[in-house]
Each structure stands twice: as C-alpha cells, then as structure tokens.
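In this text, residue positions in the first sequence follow my numbering: the first is 26, and each later residue adds one. Yeah, the Cβ is synthetic: ideal placement off N, Cα and C, and Gly gets one too. In what follows, a single structure is set out as structure tokens and then discussed.
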Amino acid sequence: MCGRFTLTSSGQELAQRFELGEVPTLAPRFNIAPSQDVAIVRQPAGTAGRLLELRRWGLVPRFARDPRIGNRMINARSETLHERRAFRDAFRKRRCLVPADGFFEWRRRGGVAQPYYIRRVSNGPFAFAGLYEHWEGPEGACVDSCTVITTDANARIRAVHERMPVILDPAAFALWLDPAVDAAERLAPLLAPCPDDWLELHPVSPRVNDPTWDAPSCIEPTAELQGSLF
DNA sequence: CCAGACGTTGTT
DNA sequence: GTCTGG
DNA sequence: CCAGACGTTGTT
DNA sequence: GTCTGG
C-alpha cells in the first residue's frame with residue numbers, strides 16, 4: 026500500500042513532468058503522511074487545462090457525516106474502485122495524479138518493521154493514480170481531499186510488501202485525467218503494477234516512522250535493522 | 001421497512 | 001483492541 | 001503508514 | 001446518496 030511518500034522536486038521539474046504552466050516550488054517534503062496536505066494534478070470538468078493544488082490526504086466521501094472518516098480512506102483498491110460506494114463517483118468523474126518522487130513501505134518480519142524508500146531508477150517525479158472529492162458539512166465547513174490507488178506489488182517490491190501504489194505511465198496521464206472519460210474498461214488497464222525496472226529501493230532509518238519527522242535523513246540508505254536477539 | 005455502513009492494511 | 005491525529 | 005491516546009469531574 | 005443487513 027502507500028502510507029508515506031516524498032515530494033522534493035522543484036516547481037520547474039513538476040511543470041515539465043506534468044505539462045503544467047508555471048508552478049511555484051513547494052517546500053521539499055521527505056515524509057508526507059496521511060491527513061496532511063498533498064499536491065495533486067487534475068483537469069476540471071469542462072476544461073482542457075491541468076492545475077496543481079493542495080488537498081488533504083484521506084478521501085472524505087460526499088455523504089460523510091463526519092470528515093474524520095477520511096483518516097481511513099488514504100488508499101483505494103484498484104480492483105474494487107468501480108463498486109465501492111465511497112470511491113465509485115470519484116472514479117468516474119474525479120481522477121487525479123498525485124505527484125511524488127518516492128514512497129515508503131515497511132517490511133514486517135518477526136517483531137521488526139523495517140522501512141524502505143522506493144524511487145524511480147531515473148530519480149525524478151512520477152505520478153500515483155489518485156481520486157479527489159469535495160465534501161461540504163453543516164455551517165459552511167468543507168474539505169477538499171484525495172486518495173492514492175493501490176494494486177498488487179510488482180516482483181521487485183514484493184520482497185518488501187504485497188501491495189503498492191499505482192504509478193502511471195506519463196503516456197496515460199491524459200486519458201486518466203480526462204473527466205469526459207468514464208469507461209471503466211478503458212481505465213482499468215492503467216491500474217496495473219508498474220514494470221519492475223522502473224523502481225529501486227533501499228532500507229532507511231525508522232526515524233521515518235514518526236510522521237512529524239520530515240528531513241532528508243528519512244531517505245538516506247542505512248543498514249537493515251537487527252532483529253531481536255531473543 | 002429502517003438502521004447502519006460506506007475502507008484498507010495486516011495479522012491471527 | 002481501536003480510533004484519532006499527523 | 002506509525003504514534004499515541006483511550007476519561008470525567010471539579011477546581012484553578 | 002446508495003447499498004447491505006436484519
């Protein structure tokens with residue numbers, strides 16, 4: 026799955042990769058966690074242009090009475106998107122890209138959870154497939170939120186974890202973002218595990234476990250944690 | 001009909 | 001154990 | 001995802 | 001809002 030990621034690329038790199046107009050450089054983030062604001066790229070209905078904006082990570086369905094439900098909607102399974110009530114409408118009409126330049130997965134063995142950092146071999150920004158939603162509560166409260174779609178891990182990632190985020194081929198961005206497209210049979214093929222050779226991974230310090238620790242040390246390679254001696 | 005969920009992951 | 005917050 | 005709380009009453 | 005479960 027995907028519960029932490031990084032975004033450190035410059036505004037220029039993001040603008041180039043996602044075919045955006047001028048984008049301000051965001052503060053580099055080495056430990057983006059659920060409930061925090063994340064950048065997304067979307068194409069509003071009735072337009073041909075893309076825009077980058079910030080949204081809360083953890084999708085709050087329109088029908089939610091309590092927006093805290095979003096804390097448990099940080100991922101959506103690609104296999105069941107089309108039938109889940111919480112995601113179905115967003116899958117048809119509100120798809121987005123979630124720019125990232127790496128993500129974390131934890132390998133559990135015995136009592137030890139070893140975090141790994143995973144990034145592109147070519148080491149630049151890429152896109153998770155995502156969905157977004159707009160929620161309005163009583164008294165004018167509103168939340169603009171998003172979620173990251175998951176799929177089976179590819180062979181390389183499977184050494185660490187059984188699931189991984191969907192990473193879209195840039196050639197698929199236009200179709201994925203087009204709000205006029207709502208044919209599940211055209212979109213489903215995009216939601217596959219990315220090729221093994223796109224990604225590389227290395228173990229990192231468990232400092233990344235603390236969602237308030239946001240520093241370059243989150244992604245520096247380290248030795249594997251030692252398991253319990255007992 | 002009404003009430004209650006609406007989700008994923010991992011672990012057992 | 002389960003939920004909330006980051 | 002992980003970390004940290006998980007509760008009420010009364011008093012200041 | 002819509003579906004599932006009772």
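Within this structure, are the beta carbons of residue i and residue j separated by less than 7 Å?
{"i": "Arg80", "j": "Ile65", "result": "yes"}
{"i": "Leu193", "j": "Ala152", "result": "yes"}
{"i": "Leu197", "j": "Leu215", "result": "The sequence shown places Ala at residue 197, not Leu. Contact: yes."}
{"i": "Val233", "j": "Pro140", "result": "yes"}
{"i": "Ile174", "j": "Ala154", "result": "yes"}
{"i": "Pro218", "j": "Thr176", "result": "yes"}
{"i": "Arg134", "j": "Val185", "result": "no"}
{"i": "Ala178", "j": "Leu32", "result": "no"}
Identify the continuous alpha helix (DSSP H) that holds residue i and give its terminal residues.
{"i": "Asp177", "result": "Taken as a continuous stretch (DSSP letters only), Asp177 belongs to no alpha helix (DSSP H), being part of the beta strand (DSSP E) at 167 to 177."}
{"i": "Ala213", "result": "Taken as a continuous stretch (DSSP letters only), Ala213 belongs to no alpha helix (DSSP H), as it is neither H nor E."}
{"i": "Phe198", "result": "198 to 202"}
On a Cα-Cα basis, can you pick out the residue from the options that is closest to residue i?
{"i": "Ala101", "options": "Ala208, Pro69, Gly28, Ala199", "result": "Gly28"}
{"i": "Ser242", "options": "Cys121, Tyr142, Leu215, Gln41", "result": "Tyr142"}
{"i": "Glu130", "options": "Glu187, Ala111, Glu78, Glu164", "result": "Glu187"}
{"i": "Gly127", "options": "Cys219, Arg145, Arg42, Trp223", "result": "Arg145"}
{"i": "Pro70", "options": "Ala240, Pro49, Leu202, Gly135", "result": "Note on residue identity: the sequence assigns Ala, not Pro, to residue 70. Out of Ala240, Pro49, Leu202, Gly135, Leu202 has the C-alpha closest to the C-alpha of Ala70."}
{"i": "Glu44", "options": "Asp222, Pro59, Leu77", "result": "Leu77"}
{"i": "Ala205", "options": "Ala73, Ser230, Leu32", "result": "Ala73"}
{"i": "Cys121", "options": "Ala208, Tyr157, Pro246, Arg181", "result": "Tyr157"}
{"i": "Gln37", "options": "Gly149, Val137, Phe112, Ala184", "result": "Gly149"}
{"i": "His107", "options": "Asp207, Gly83, Trp82, Thr50", "result": "Asp207"}
{"i": "Val229", "options": "Ser170, Arg109, Ala138", "result": "Ala138"}
{"i": "Asn96", "options": "Ser170, Gln251, Ala180", "result": "Ser170"}
{"i": "Met189", "options": "Val168, Ser147, Asp221", "result": "Asp221"}
{"i": "Gly4", "options": "Pro236, Leu212, Ala178, Val168", "result": "Residue 4 lies beyond the range of the chain shown here (26 to 255); nothing can be said about it."}
{"i": "Pro236", "options": "Ser60, Arg42, Leu51, Val191", "result": "Ser60"}
{"i": "Arg110", "options": "Phe88, Ala125, Arg119, Pro124", "result": "Phe88"}
{"i": "Gly46", "options": "Arg117, Thr247, Arg75, Leu212", "result": "Arg75"}
{"i": "Leu51", "options": "Arg67, Leu226, Ser34", "result": "Ser34"}
{"i": "Lys118", "options": "His227, Glu245, Gln251, Leu212", "result": "Leu212"}
From what residue to what residue does the beta strand (DSSP E) around residue i run?
{"i": "Asp62", "result": "62 to 67"}
{"i": "Gly46", "result": "Per DSSP, Gly46 belongs to no beta strand (DSSP E) and is neither H nor E."}
{"i": "Leu122", "result": "120 to 125"}
{"i": "Phe151", "result": "151 to 161"}
{"i": "Glu225", "result": "224 to 228"}
{"i": "Pro140", "result": "137 to 145"}
{"i": "Asn148", "result": "Note, Asn148: premise wrong, no beta strand (DSSP E); not H, not E."}
{"i": "Ile293", "result": "With the chain represented from 26 up to 255, any question about residue 293 goes unanswered, as that position is not in the structure."}
{"i": "Met189", "result": "188 to 190"}
{"i": "Leu193", "result": "Counting along the chain, Leu193 falls outside any beta strand (DSSP E), and DSSP gives it neither H nor E."}
If we count Cβ pairs, one from each stretch, closer than 8 Å, do we get three or more for the stretch 157 to 176 versus the stretch 88 to 97? yes
Counting pairs of Cβ atoms below 8 Å between the stretch 53 to 64 and the stretch 227 to 241, do you hit three or more? yes
Which whole runs of the alpha helix (DSSP H) in the stretch 72 to 120 are 4 residues long or more, in chain order? 113 to 118
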